[in-house]
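Novice: Residue numbers (our numbering), protein chains in the order written: chain A, 416 to 566; chain B, 416 to 566.
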DNA sequence: CTCTATGCAAAACCTTTGCATAGAA
DNA sequence: TTCTATGCAAAGGTTTTGCATAGAG
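1. In the DSSP output, what is residue 545(B) paired with across the bridge?
2. Is the Cβ of residue 499(A) closer than 8 Å to any Cβ of chain B?
3. I'd like to confirm the pairing. Which residues does DSSP put opposite residue 507(B) in its beta bridges?
4. Just to make sure I have the definition right: I need the residues of chain A whose C-beta is within less than 9 Å of the C-beta of residue 541(B). Which are they?
5. Pull up the distance between the alpha-carbon of residue 551(A) and that of residue 492(A), whole angstroms please.
6. Is the separation between the beta-carbon of residue 539(B) and that of residue 496(B) shorter than 8 Å?
7. If we call anything under 8 Å between Cβ atoms a contact, is residue 506(B) one with residue 485(B)?
8. Any heavy atom of the ligand NAD closer than 7 Å to the CB of residue 465(B)?
9. Three-state secondary structure (DSSP) at residue 454(A)?
10. Answer yes or no: do residue 541(B) and residue 512(A) have a C-beta to C-beta separation smaller than 8 Å?
11. Classify residue 431(A) as buried or exposed, calling it buried when 16 or more other Cβ atoms lie within 10 Å of its own Cβ.
12. Taking Cβ-Cβ distances below 8 Å as the criterion, which residues of the stretch 432–446 of chain A are in contact with chain B?
13. Keeping to the same chain, check which residues put their C-beta closer than 6 Å to that of residue 457(B); ignore five residues upstream and five downstream.
14. Go to residue 498(B), then tell me how far its alpha helix (DSSP H) extends in each direction, as first and last residue.
15. Are residue 460(A) and residue 439(A) touching if we call contact CB-CB under 8 Å?
16. Thinking just about the alpha-carbon of each residue, which of 481(B), 465(B), 547(B), 455(B) is nearest to the one in residue 526(A)?
17. The alpha helix (DSSP H) with residue 435(A) in it runs from where to where?
18. Counting only C-beta atoms, is residue 450(A) closer than 8 Å to chain B at any point?
19. Look up residue 487(B) in the DSSP assignment and say whether it is helix, strand or coil.
20. Using a 10 Å radius around the Cβ and a threshold of 16 neighbouring Cβ atoms, would you call residue 494(B) buried or exposed?
21. What in chain B is Cβ-close to residue 483(A), meaning under 9 Å?
22. Excluding the five sequence neighbours on either side, which residues of its own chain have a C-beta within less than 7 Å of the C-beta of residue 566(A), listed in chain order?
This is the structure in structure tokens:
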């Protein structure tokens, strides 16, 4: 099923109503392949549909999260962002502390060990969040000029 | 070196001043072995020293983080908490989604794979944050009554 | 003395809510 | 018609700041 279908089904299941604006917002959300802040999504939606209000975007994002299409991530710098969550496999993040660029990755070995770790402590695993912080290749270059060849 | 020493050194290094209040706050912080909110720390400090203001606790916590004694954690529910970071080995969290209880754990296997994963992608590893969410042993019991023996 | 630390209150943020009206079923 | 959805503005909650004064060096 496509995302729009998932959302519609979710709405009718909760006896909520489908609306044009909700479509617009979902659309904008789906067409931006990055981790969005509410602000960013609002700006994107307004480009095409200037009348949409801030609160509506907020409210719709909450619904999208409930419907499973989207999930909220709290980064260490305090920002809250939203990411696609449907037809996207679970993944973790490698985040550059200099430039903010990030990669989405999955490491099966780690996933397996995480599951084992939880079970060993009597937990029923639900989900997890793993953010690895470091300096990316590009930023490393900028900070460590080539050694041994003073110029 | 003891924590108080680390903090003093950090302060003088930044040409900041040592003060009685900062000692009180550091003390309260060190004596509570849990993940504190600013509010909780403030309450604890005020028990002994009622004159201390909220803003001072906030400001001091920021300094403690900079000095490396403490670090900020953003949980998935949006709360911000602070944890001891000195003479505490790095650790990850197993968090119960029902009751909020958590365990601090380290899994060497996971740590190794994390490091490898970062390097494989050209990152210089700095630190990471891994929170595993699930249902703890106690909460599991409450939700799944013993099977087969109706009472 | 000089410069930082502090309490207090106000400001700045970010997110949620209330309400009157528009819109969906 | 009878709901819910929405824009707007106001309210909440949390964190930060400005300012006058106390305190450290």
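Note that beta-carbon positions come from the ideal geometry of N, C-alpha and C, so glycine has one too.
Predicted model, so just to flag it, every value in this text is computed and none were measured.
Specialist: Reading off the structure:
1. As a first step, residue 545(B) must be located in the second chain, where it is residue number 130. BP columns for residue 545(B) point to 545(A).
2. If you number the first chain from 1, residue 499(A) lands on position 84. Answer no: the Cβ-Cβ gap between residue 499(A) and chain B never drops below 8 Å.
3. Reading the second chain from its first residue, position 92 is the one you call residue 507(B). As DSSP reads the structure, residue 507(B) sits in a beta bridge with 520(B).
4. Working through the second chain from its first residue, we reach residue 541(B) at position 126. Among the residues of chain A, those whose CB is under 9 Å from the CB of residue 541(B) are 512, 547, 548, 549, 550, following chain order.
5. Mapped onto the first chain, residue 551(A) falls at position 136. Mapped onto the first chain, residue 492(A) falls at position 77. Those two C-alpha atoms are separated by around 18 Å.
6. For this step, residue 539(B) is matched to residue 124 along the second chain. For this step, residue 496(B) is matched to residue 81 along the second chain. No. Outside cutoff.
7. If you number the second chain from 1, residue 506(B) lands on position 91. If you number the second chain from 1, residue 485(B) lands on position 70. With respect to residue 485(B), residue 506(B) sits apart: the two C-beta atoms are not nearer than 8 Å.
8. You won't find the ligand NAD in this model; it holds no ligand whatsoever.
9. Numbered from its first residue, the first chain carries residue 454(A) at position 39. Reduced to three states, the DSSP call for residue 454(A) is helix.
10. Start at 1 with the first residue of the second chain, and residue 541(B) comes out as number 126. Start at 1 with the first residue of the first chain, and residue 512(A) comes out as number 97. With contacts defined by Cβ atoms closer than 8 Å, residue 541(B) and residue 512(A) form a contacting pair.
11. As a first step, residue 431(A) must be located in the first chain, where it is residue number 16. Exposed, since its Cβ has fewer than 16 Cβ neighbours within 10 Å.
12. Of all residues in the stretch 432–446 of chain A, none is placed with a Cβ closer than 8 Å to any Cβ belonging to chain B.
13. Looking up residue 457(B) in the second chain gives position 42. Excluding five sequence positions before and after residue 457(B), the CB atoms of its chain that fall closer than 6 Å to its own CB belong to 469, 472, given in chain order.
14. Reading the second chain from its first residue, position 83 is the one you call residue 498(B). Where residue 498(B) is concerned, there is no enclosing alpha helix (DSSP H), although the beta strand (DSSP E) it sits in stretches over 495–499.
15. As a first step, residue 460(A) is located in the first chain; it is residue number 45 there, counting from the start. As a first step, residue 439(A) is located in the first chain; it is residue number 24 there, counting from the start. With respect to the 8 Å criterion, residue 460(A) and residue 439(A) are classified as neighbours on the basis of their beta carbons.
16. To locate residue 526(A), count along the first chain from 1; it is residue 111. Among 481(B), 465(B), 547(B), 455(B), the Cα nearest to that of residue 526(A) belongs to 547(B).
17. Counting from 1 along the first chain, the entry for residue 435(A) is found at position 20. Per DSSP, the continuous alpha helix (DSSP H) segment holding residue 435(A) begins and ends at 435–446.
18. The residue labelled residue 450(A) in the question sits at position 35 within the first chain. Chain B, which has no Cβ nearer than 8 Å to the Cβ of residue 450(A), makes this no.
19. Mapped onto the second chain, residue 487(B) falls at position 72. In this structure, DSSP gives residue 487(B) an extended state, which the three-state scheme calls strand.
20. Numbered from 1 along the second chain, position 79 holds the residue referred to as residue 494(B). Residue 494(B) comes out exposed.
21. On the first chain, position 68 is the one that residue 483(A) refers to. In chain order: nothing, as chain B lies at least about 16 Å away.
22. Along the first chain, read from residue 1 onward, the residue named residue 566(A) stands at position 151. Here residue 566(A) scores only 36 on pLDDT, less than 50, and its place in the model should not be relied on; the value that follows carries that caveat. Its chain contains no residue whose beta carbon lies nearer than 7 Å to that of residue 566(A) once the 5 sequence neighbours on both sides are disregarded.
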